[in-house]
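**Q** When the count follows the numbering used here, it moves up by one through the sequence shown with no breaks and lands on 603 for the last residue.
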Amino acid sequence: MTLFRGQNSTTKEVVSVAQGQKSNTLLVKGASRALDQLKYEVAGELGIQPPQDGYWGTMTTRDAGSIGGHITRKLVALAEQQLAGRSS
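#1: At a cut of 8 Å, does the region 554–564 reach the region 582–589 through at least three beta carbon pairs?
#2: Please state the DSSP three-state secondary structure of A592.
#3: Under the three-state reduction of DSSP, which class applies to Y570: helix, strand or coil?
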């Protein structure tokens, strides 16, 4: 992707944006289905109506952030429990 930045429309500096450096690739095969299920579960817990068509892109930023933040807290808590169980 190329973006243009400049003082006016005649002088533009071309700025290259990194591509292909996707950081949200899943490390565990099969985790996609479980994470999707967790997304619906968390939306229900927060009282947010999941999209009927399954497309989450039309959701408000606030709702999407709430769901993502809650999922992150749940996953961190789960990891902490598993790590605590190993060290005992």
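We put the beta carbon where it would ideally sit given N, CA and C, even for glycine.
**A** On the basis of the supplied data:
#1: yes
#2: Numbered from its first residue, the sequence shown carries residue 592 at position 77. In this structure, A592 counts as helix in the three-state DSSP scheme.
#3: As a first step, residue 570 is located in the sequence shown; it is residue number 55 there, counting from the start. Looking at Y570 - three-state DSSP - the assignment turns out to be coil, as it is neither helix nor strand.
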